[in-house]
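Participant: Numbering (the numbering used here), first residue to last: 3 to 333.
Take a look at the following structure, please.
Okay, structure coming up:
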């Protein structure tokens, strides 16, 4: 009888070792998905994602990452909401709008900030910001271009109801302005840089002058993150490694970005100092999100009437593990 029990015990141990079962734990192991897609904007704002891919930092973390290039962060966000991609890079405004619509998403980390990524470009040199009342302005609705436009115009005494917004795709900004379809556009780089050269002496480029700082952030669905916490942390760690490369190898960084985005190297060199690459979760980001919700409520862009708690939409675990000192958001 004892010999029979011993044989059964040996068989159980062999089965466990072959199948990988851990009989001492009932916790399910996290299974890493294959072919993980990150939808991202084709520009310097998404530089850490491109660098992490090109320098092998994702691979170093054991991740099989594929990039899906989009014309805007808003388009990248839509890929996550539709289930096409696991992660996306997006400015804070589309993320804010998605939260107001009840989408269960997380902002996992912010990785760049800039006060000069967006601008209002006017073609007519005789037309100033304070004189845009009643004018047509091209803007990609649902993006931070819209919030930036309203913020800057309000600073110059113009209400959003006193202009005519023309919903314009990012790639259509140049044609719309130069053809006279609109009097001005509110957009981001590289369109700002290209239009700056085109309008040159005949118009003006108007930045935020400290009234707005835009950010670009890594987001994903909450269910995906909860099921793939280790994977999410690895993605953020790879992006943080890319940030260090950007800061310590500025010239090589620009060469890589010129190659992978097909952007002109001189263009990238001229604007690089306008971007602060810093993987973080700062309190200022939460304040910006809350300000934008109030803006959305005031301009009837949402049916809600109270500012939700956006801490419910922030995932802290990855940043707390990688660099807790970069987490200043009070939670």
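The C-beta atom is built at its ideal place from N, Cα and C for all residues, glycine as well.
Between the alpha carbons of residue 57 and residue 248, how many angstroms are there, rounded?
Facilitator: 11 Å
Participant: What did DSSP end up calling residue 164 once you bin it into helix, strand or coil?
Facilitator: helix
Participant: So within the stretch 179-247, which uninterrupted beta strand (DSSP E) runs reach at least 3 residues, ignoring any that extend past its ends?
Facilitator: 186-190, 206-208 and 216-223
Participant: Tell me whether residue 309 sits in a helix, a strand or coil according to DSSP, three-state version.
Facilitator: coil
Participant: Out of 245, 314, 323 and 252, which has the shortest C-alpha to C-alpha gap to residue 55?
Facilitator: 245
Participant: With DSSP collapsed to three states, give me the class of residue 59.
Facilitator: helix
Participant: Compute the beta-carbon to beta-carbon distance between residue 111 and residue 321, rounded to the nearest angstrom, for a pair I have assumed lies under 8 Å.
Facilitator: 5 Å
Participant: What are the start and end residues of each continuous beta strand (DSSP E) run of 3 or more residues lying completely inside the stretch 98-124, in chain order?
Facilitator: 107-116 and 120-124
Participant: Using the Cα positions of residue 278 and residue 329, report the straight-line distance between them to the nearest angstrom.
Facilitator: 16 Å
Participant: Just the Cα atoms here: how many angstroms apart are residue 47 and residue 270?
Facilitator: Rounded to whole angstroms, residue 47 to residue 270 spans 11 Å at the Cα level.
Participant: I'd like to check one pair, residue 222 with residue 88: are the Cβ atoms closer than 7 Å?
Facilitator: Yes, the pair counts as a contact, with Cβ atoms nearer than the cut-off.
Participant: Check the C-beta distance from residue 41 over to residue 72 and give it rounded, since I have them as a contact under 8 Å.
Facilitator: Residue 41 to residue 72, Cβ: 6 Å. Contact.
Participant: Could you tell me the distance, in whole angstroms, from the CA atom of residue 128 to the CA atom of residue 205?
Facilitator: Rounded to the nearest angstrom, the two C-alpha atoms are 8 Å apart.
Participant: Let me check one thing: in DSSP terms, what residues is residue 283 bridge-paired to?
Facilitator: 329
Participant: Going by CA-CA distance only, name the one from 105, 255 and 38 that's closest to residue 316.
Facilitator: 105
Participant: Of the residues 287, 326 and 85, which one's Cα is nearest the Cα of residue 312?
Facilitator: 287
Participant: Identify, in the order they occur along the chain, each residue of the same chain with its Cβ nearer than 6 Å to the Cβ of residue 187, setting aside the five sequence neighbours on each side.
Facilitator: Excluding residues within five positions, the ones whose Cβ falls inside 6 Å are 123, 140, 175 and 179.
Participant: Can you find the residues in the same chain that come closer than 7 Å, C-beta to C-beta, to residue 96, ignoring five residues on each side of it along the sequence?
Facilitator: 75, 76, 79, 144 and 145
Participant: Tell me the rounded alpha-carbon separation between residue 120 and residue 189.
Facilitator: 6 Å
Participant: Shortest alpha-carbon distance to residue 185 belongs to which of 261, 137 and 240?
Facilitator: 137
Participant: Can you give me the C-alpha to C-alpha distance between residue 212 and residue 281, rounded to a whole angstrom?
Facilitator: Going by the C-alpha atoms only, they are around 21 Å apart.
Participant: Ordered along the chain, which non-local residues of its own chain (more than five positions away) have a Cβ less than 6 Å from that of residue 194?
Facilitator: Taken in chain order, the residues that qualify are 121.
Participant: How many angstroms separate the CA atom of residue 240 from the CA atom of residue 309?
Facilitator: 33 Å
Participant: Is the distance from the Cβ of residue 218 to the Cβ of residue 91 below 7 Å?
Facilitator: yes
Participant: Whose C-alpha, out of 233, 293 and 314, is nearest the C-alpha of residue 67?
Facilitator: The option with the nearest alpha carbon to residue 67 is 233.
Participant: Just the C-alpha distance for residue 215 and residue 228, rounded to the nearest angstrom, thanks.
Facilitator: 30 Å
Participant: What did DSSP end up calling residue 68 once you bin it into helix, strand or coil?
Facilitator: DSSP places residue 68 in strand when its eight states are reduced to three.
Participant: Quick check on residue 142 - is its C-beta less than 7 Å from some C-beta in chain C?
Facilitator: Checking the listed chains, one finds no chain C in this structure; it contains a single protein chain.
Participant: If you reduce the DSSP assignment to three classes, tell me which class residue 271 lands in.
Facilitator: Looking at residue 271 - three-state DSSP - the assignment turns out to be helix.
Participant: Less than 8 Å between C-beta atoms, sequence neighbours within five positions excluded: which residues of the same chain meet that for residue 333?
Facilitator: 313, 316 and 318
Participant: By DSSP, does residue 249 sit in helix, in strand, or in coil?
Facilitator: Reduced to three states, the DSSP call for residue 249 is helix.
Participant: Leaving out the 5 sequence neighbours to the left and right, which residues in its chain are closer than 8 Å to residue 70 when beta-carbon positions are compared?
Facilitator: 39, 40, 41, 42, 78, 81, 86 and 87
Participant: For residue 87, does the three-state DSSP call read helix, strand or coil?
Facilitator: DSSP places residue 87 in coil when its eight states are reduced to three.
Participant: Would you list the residues sitting across from residue 140 in a DSSP beta bridge?
Facilitator: 168 and 187
Participant: Determine the DSSP secondary structure at residue 317, reduced to helix, strand or coil.
Facilitator: coil
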